[in-house]
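Comments concern the structure below.
In the numbering used here, the protein residues as written are 2 to 293.
The following block contains the structure:
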């Protein structure tokens with residue numbers, strides 16, 4: 002739990018008082034109080050208990066779990082196309098402790114009161130993937146959220162989406178949210194032809210699948226370098242494996258000269274890391290996409 006910010010003691014406050022009048026003193030005090038209020042810990046998000054309604058194996062690598070039940074009524078949907086929830090799982094015996102895993106919400110259906118979450122699966126690797134692969138209607142799971150941050154910029158001249166299989170739910174949701182006359186491209190890196198899906202996109206947005214079993218970190222950046230760059234303001238969504246995103250950062254900002262406001266860039270995961278390790282490394286230099 003994040004510690005609450007420490008308020009200045011009366012002695013510390015007196016020592017910091019300026020000598021040019023009570024108005025300045027009062028202003029500084031108000032600034033201190035306001036800062037303390039802004040940096041207070043946020044209340045925890047409520048945990049919702051949901052039920053598996055349907056399971057759809059979209060490919061050998063992606064499983065969609067449709068969640069429903071009474072808990073959906075408490076789910077406060079967000080407008081972003083890239084919104085996420087934290088799902089609760091229990092590790093195997095003998096430890097059997099609770100952990101969370103972060104997943105993108107693929108779709109919320111207000112009419113059927115269901116939430117779709119897509120899971121990348123690699124056999125029995127991990128916790129969430131195997132759970133999704135073997136889930137059945139009636140199974141239960143708890144989640145917290147949603148949070149979110151990205152939606153396509155309606156004022157952009159064109160759009161560019163970059164990611165791997167973990168970013169497909171967010172990319173697919175964004176493509177469906179684009180206006181019919183939108184133009185641009187999407188490049189998605191996967192390890193096999195069997196991972197390729199049919200995505201709904203405007204006629205002017207080309208979807209390219211890059212099949213690379215070796216997962217070379219340069220592949221998406223190479224696509225950016227080889228792309229015939231359009232005129233006008235581009236809106237970029239680039240999410241996926243952490244090291245690949247670091248290389249993309251250089252291609253987008255250093256080579257293409259984009260501004261930070263044009264790009265949503267983030268690592269969803271890191272090769273060779275559990276999510277717990279990946280999240281812990283976000284506070285270390287190795288885990289940071291942006292160095293400044």
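Note that beta-carbon positions come from the ideal geometry of N, C-alpha and C, so glycine has one too. Source: prediction; values computed, not measured.
(message) Can you give me the C-alpha to C-alpha distance between residue 75 and residue 106, rounded to a whole angstrom?
(response) When the Cα atoms are used, residue 75 and residue 106 turn out to be separated by approximately 15 Å.
(request) Note down the Cα distance separating residue 102 from residue 236, rounded to an integer number of angstroms. (result) Cα to Cα, the separation comes out at about 28 Å.
(message) Taking only three categories from DSSP, how would you classify residue 167?
(response) In the three-state reduction of the DSSP assignment, residue 167 falls in the helix class, which pools H, G and I.
(request) Assuming residue 212 and residue 185 form a contact by the criterion Cβ under 8 Å, report the distance between their Cβ atoms to the nearest whole angstrom. (result) 21 Å between Cβ atoms; not a contact.
(request) List the endpoints of the continuous beta strand (DSSP E) containing residue 270. (result) Counting along the chain, the beta strand (DSSP E) containing residue 270 begins and ends at 264-270.
(request) Would you mind reading off the limits of the beta strand (DSSP E) that contains residue 86? (result) Under the DSSP assignment, residue 86 falls in the beta strand (DSSP E) whose first and last residues are 83-91.
(request) Pull up the CB-CB distance for residue 165 and residue 242, whole angstroms please, since I reckon it's below 8 Å. (result) Indeed, because the Cβ distance is near 6 Å, the residues count as touching under 8 Å.
(message) Is it the case that the stretch 145-157 contacts the stretch 123-134, given that we only count it when at least three CB pairs across the two stretches are under 8 Å?
(response) Counting Cβ pairs under 8 Å, fewer than three are found: no touch.
(request) Determine the DSSP secondary structure at residue 120, reduced to helix, strand or coil. (result) Annotated three-state conformation of residue 120 is strand, per DSSP.
(request) Report yes if the C-beta distance between residue 77 and residue 67 is below 8 Å; otherwise report no. (result) Between residue 77 and residue 67, the C-beta spacing is not below 8 Å.
(message) Using only the alpha-carbon positions, how far apart do residue 36 and residue 285 sit?
(response) Confidence in residue 36 is poor, its pLDDT being 38 and thus under 50, which makes the residue's placement too unreliable to answer from.
(request) Using the DSSP secondary-structure output, state which residues sit across from residue 104 in a beta bridge. (result) According to DSSP, which records beta bridges pairwise, residue 104 is partnered with 86.
(message) Let's test the definition: count the other Cβ atoms within 10 Å of the Cβ of residue 220 and tell me whether it reaches 16, buried, or not, exposed.
(response) It counts as buried.
(message) Using 8 Å as the threshold, is the C-beta distance between residue 191 and residue 200 below it?
(response) The answer is no: Cβ separation not under 8 Å.
(request) Give me whichever residues DSSP pairs with residue 115 in a beta bridge. (result) Note: residue 115 is bridge-paired with 110 in the DSSP secondary-structure output.
(request) Enumerate in chain order the residues of its own chain whose CB-to-CB distance from residue 23 is below 6 Å, with the five nearest sequence positions on each side excluded. (result) For residue 23, the predicted model reports a pLDDT of 49, less than 50, meaning its position is unreliable; a value from the coordinates is still stated below. Cβ within range, chain order: n/a, list empty.
(request) Using the Cα positions of residue 179 and residue 119, report the straight-line distance between them to the nearest angstrom. (result) Their Cα atoms are separated by approximately 20 Å.
(message) Tell me the rounded alpha-carbon separation between residue 294 and residue 92.
(response) The chain is shown only over 2 to 293; residue 294 falls outside these bounds and no answer can be derived.
(message) Tell me the rounded alpha-carbon separation between residue 52 and residue 109.
(response) Roughly 14 Å between the two C-alpha positions.
(request) Tell me, please, which residues DSSP counts as bridged to residue 46. (result) In the DSSP output, where bridge partners are listed per residue, residue 46 has none listed.
(request) Helix, strand or coil for residue 147, going by three-state DSSP, please let me know. (result) In the three-state scheme derived from DSSP, where H, G and I count as helix and E and B as strand, residue 147 is classed as strand.
(message) Let me check you understand the geometry: is the CB of residue 134 closer than 7 Å to at least one non-hydrogen atom of the ligand NAD?
(response) No copy of the ligand NAD appears in this structure; indeed no ligand is present at all.
(request) Would you mind working out which of 154, 65, 229 and 169 sits nearest residue 131, comparing C-alpha positions? (result) For the residues 154, 65, 229 and 169, the minimum Cα distance to residue 131 belongs to 65.
(message) Rounded to the nearest angstrom, what separates residue 82 and residue 71 at their Cα positions?
(response) Each residue's CA atom was taken as its position, placing residue 82 and residue 71 some 24 Å apart.
(request) Determine the direct distance from the alpha carbon of residue 188 to that of residue 258, and round the result to whole angstroms. (result) C-alpha of residue 258 to C-alpha of residue 188: approximately 19 Å in a straight line.
(request) Put residue 142 into one of helix, strand or coil per three-state DSSP. (result) Here residue 142 sits in strand by DSSP.
(message) Which complete alpha helix (DSSP H) runs does the stretch 170-248 hold, if anything under 4 residues is left out?
(response) Segments of the alpha helix (DSSP H) lying fully in the stretch 170-248: 220-227.
(message) Taking its Cβ as the centre, do 16 or more other Cβ atoms sit within 10 Å of residue 196, making it buried, or is it exposed?
(response) That one is buried.
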